[in-house]
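Read top to bottom, the protein sequences are chains A and B. This note's numbering puts the first residue of the first sequence at 1192, with every later residue one more than the last. This note's numbering puts the first residue of the second sequence at 1192, with every later residue one more than the last. Have a look at the structure below, then the notes.
There are 2 protein chains.
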Amino acid sequence: MKSNKNILLVEDDPNFGRILKDYLTINNYEVTLAVNGIEGFEKFNRSEFDLCILDIMMPFKDGLTLAREIREINEVIPLIFLTAKNLKDDVLKGYKIGADDYLTKPFDSEILLAKIKSILNRKSNVNIEEKDVFEFEFGEFSFNSKLRILSHKMGESYKLSPKENQLLKMLVLNFDDLLPRDIALNKIWRDANYFTSRSMDVYIAKLRKYLDKDMSLKIINVHGEGFRLMQE
Amino acid sequence: MKSNKNILLVEDDPNFGRILKDYLTINNYEVTLAVNGIEGFEKFNRSEFDLCILDIMMPFKDGLTLAREIREINEVIPLIFLTAKNLKDDVLKGYKIGADDYLTKPFDSEILLAKIKSILNRKSNVNIEEKDVFEFEFGEFSFNSKLRILSHKMGESYKLSPKENQLLKMLVLNFDDLLPRDIALNKIWRDANYFTSRSMDVYIAKLRKYLDKDMSLKIINVHGEGFRLMQE
DNA sequence: AAAATTTCTTAACGAAATGTTAATATGTCA
DNA sequence: TGACATATTAACATTTCGTTAAGAAATTTT
């Protein structure tokens, strides 16, 4: 069962980081590993995460500094700190930044897992409050991205696959404007490379087939840049 | 500066309990102290609290049992457990019940305070308790989720099992909208994994069998997302 | 407290949905 | 034109779902 949750793990000890990443991956989380605060911040900005696990003691940029930077961008994303020893000061600073929890190394992986589940559960309840827009009208279509249904007025309805759905949503949110390839790839495929790019093309083709029902709608390519959903 | 927050502290060691109560009181919390699970449950019912701190090891009724009883009454109140040693099993059980956190004795009081603040901060947004609705009408059915009875108008009535009942209630509360799998699993099964997911499918099948009596009602699956109870 | 009944979990497996990759064709730009 | 980017289709691999059935666990009845 794929949990669909993305975790950013920032840990400078490569062995420990690797093991922890594998453990979380086995437990069905998508894990991105960064080895220091700088890389962590870059990766945090490049794609979207549901939770961050930050080691506090790291070279170049420590976990607390990274946490502050992350909090500036995102006020709600859950943060879990890993502290080498029981450094009370670090723990208190962490809470001040808005940590959700901390764990003292060495810790039990099952307990980390329980914490993660517990934190993600309560956040998902809170996020119901968050008013995410999911109903759109464009051309002769109405589109519900929560139910993943695209319906042609006085025509048929299509059930969209998750990828189709995400891609169409991004196009619609940028209606008549450029949707840069990289942005879409990093958000939907979580990586931008040759293969994900080919995959995206496949999905653009699928969407074009749906949108064919309205002659006035087009997804045009901007060579080397991305795609643009437009009318006329 | 009175924080106005009420804490229920259940701790069997009278000395420690007293000290902890005083410490929290100094920090502007209203603290009610109970010395065992039985007294704790009584006091919980007598007035309203914003947070509970429960010692796990207690005579008569331990903290986990008390927690379960509290959770039956109140699904959202934050629970913090105190464990004498780092008893992994207790910790994991605690999370399964829906703990927000745990602390290992001996712990630092400042850290407890930081945890309490952190937990109350995030909860204070959500604590809008609604009156529990338990009577529903949909399609040709009326459904009483307190009595667990689903009755087909001019047809027969079905006694629902607890799980059938909870699941149907969640579907009805999200009528015509998506009920995400994870949300339902975490609420009803308290865990989302391969097995609970299979179990949920079994229950969806059971509900579909009941709802067959009204041809216009359907529970449809949104692949990878969840289920949707809808009409027509 | 034993027996009967109901509820719940787990396993197995086929069916359906989804995603990736390959192969090949077409288009764009310098 | 040559190099590279994009388009489309098809084959394949993987994941998710639906159902049945067997047995474990809990609850109720006798």
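Ideal Cβ placement from N, Cα and C applies to all residues, glycine included.
query                                                                                                                                       : result
Minimum Cβ-Cβ distance from residue 1369 of chain B to chain A less than 7 Å                                                                : yes
C-beta neighbour in chain B for residue 1363 of chain A, strict 7 Å                                                                         : no
Between the CA atoms of residue 1304 of chain A and residue 1276 of chain A - distance to the nearest angstrom                              : 20 Å
C-beta contact flag for residue 1369 of chain A and residue 1417 of chain A at 7 Å                                                          : yes
Rounded straight-line distance, which links the Cα of residue 1360 of chain A to that of residue 1319 of chain A                            : Caution is warranted here: a pLDDT of 45 is assigned to residue 1319 of chain A, below 50, making its placement in the model unreliable, and no coordinate value can be reported.
Cut-off 6 Å between Cβ atoms - residues of its own chain near residue 1402 of chain A, not counting five sequence neighbours on either side : 1408
Interface residues of chain A facing residue 1292 of chain B [CB-CB closer than 8 Å]                                                        : 1292
Bounding residues of the beta strand (DSSP E) (the contiguous stretch that carries residue 1383 of chain A)                                 : Residue 1383 of chain A -> no beta strand (DSSP E), and no H or E assigned at all.
Closer than 7 Å to chain A by CB, residue 1286 of chain B                                                                                   : yes
Cβ shell of residue 1227 of chain A (< 8 Å), same chain only, five flanking positions each side left out                                    : 1201, 1203, 1249, 1250, 1251 and 1252
At least 3 beta-carbon pairs within less than 8 Å: the segment 1210 to 1222 of chain A vs the segment 1255 to 1268 of chain A               : no
Chain-ordered residues of the segment 1216 to 1250 of chain B with a beta carbon less than 9 Å from chain A                                 : none
Spatial neighbours of residue 1373 of chain A in its chain, beta-carbon cut-off 7 Å, leaving aside the 5 residues before and after          : 1383
Proximity winner among A:1333, A:1281 and A:1205, relative to residue 1348 of chain A (alpha-carbon distances)                              : A:1333
Residue-level contact to chain A via CB, residue 1319 of chain B, 7 Å cutoff                                                                : Only weak support exists for where residue 1319 of chain B lies, its pLDDT of 49 falling under 50; the value from the coordinates is given anyway. No, because no Cβ of chain A sits closer than 7 Å to the Cβ of residue 1319 of chain B.
Short-range partners of chain B found in the segment 1294 to 1316 of chain A, where Cβ spacing is below 8 Å                                 : 1299, 1301, 1302, 1305, 1306, 1308, 1309, 1312, 1313, 1315 and 1316
Where residue 1312 of chain A falls: helix, strand or coil (DSSP)                                                                           : helix
Within 7 Å of chain B by C-beta, residues of the segment 1332 to 1348 of chain A in sequence order                                          : 1337, 1338 and 1339
CB of residue 1325 of chain B within 7 Å of CB of residue 1337 of chain B, strictly                                                         : yes
Closest Cα partner of residue 1341 of chain B within the set B:1209, B:1405 and B:1414                                                      : B:1405
Beta-carbon proximity of residue 1273 of chain B to residue 1296 of chain B, cut-off 7 Å                                                    : yes
Between the CA atoms of residue 1236 of chain A and residue 1412 of chain A - distance to the nearest angstrom                              : 26 Å
CB of residue 1240 of chain A within 7 Å of CB of residue 1199 of chain A, strictly                                                         : yes
Which residues DSSP lists as bridging residue 1344 of chain A, in chain order                                                               : BP columns for residue 1344 of chain A are empty, so no partner.
Rounded distance between the beta-carbons of residue 1285 of chain A and residue 1255 of chain A, thought under 8 Å                         : 7 Å
Exposure label - residue 1264 of chain A; buried when at least 16 CB within 10 Å                                                            : exposed
Residue range of the unbroken beta strand (DSSP E) whose run includes residue 1268 of chain A                                               : Unbroken run through residue 1268 of chain A: none, as it is neither H nor E.
Under the three-state DSSP convention, the category residue 1371 of chain A falls into                                                      : strand
Among A:1242, A:1205 and A:1287, the one whose alpha carbon lies nearest that of residue 1221 of chain A                                    : A:1242
Residue 1283 of chain B: contacting residues in chain A (beta-carbon distance under 8 Å)                                                    : 1301, 1302 and 1305
Cβ neighbours of residue 1335 of chain B in the same chain (closer than 7 Å, five flanking residues each side left out)                     : 1325 and 1326
Contact set between residue 1205 of chain A and chain B, taken where Cβ atoms lie within less than 9 Å                                      : Simply none; closest approach about 27 Å.
Cβ of residue 1353 of chain A within 7 Å of any chain B Cβ                                                                                  : yes
Own chain, CB closer than 8 Å to residue 1233 of chain B, minus 5 neighbours either side, in chain order                                    : 1225
Short CB-CB distance (under 7 Å) between residue 1330 of chain B and chain A                                                                : no
Beta-carbon gap between residue 1292 of chain B and residue 1279 of chain B smaller than 7 Å                                                : no
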